[in-house]
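Undergrad: In the numbering used here, the protein residues as written are 11 to 65.
Positions of the beta carbon are idealized from the N, C-alpha and C atoms, including for glycine.
After the structure tokens below, expect a handful of questions from me.
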Amino acid sequence: NRHKLNHRKFHLNLRKNFFTVRVTERWNRLPREVVESPSLEIFKTQLDTVLGNLL
């Protein structure tokens, strides 16, 4: 998966990079259709749909 983010290098300074680690963990769980969206508007729409299904 070429869109998978790697957050292992951030573990040395966890306090400084805590937000980054949380974002990369969530990003890697997103469906492929959301990650590969061709535009920002489509990304937002698909992200809202995915997050709505989680609740």
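#1: Would the beta-carbon of residue 35 fall within 8 Å of that of residue 56?
#2: Output the distance between the C-alpha atoms of residue 38 and residue 45, rounded to the nearest integer angstrom.
#3: Between which two residues does the alpha helix (DSSP H) holding residue 63 run?
#4: Tell me where the alpha helix (DSSP H) around residue 42 begins and ends.
TA: Let me lay it out:
#1: no
#2: 9 Å
#3: 50-64
#4: 42-45
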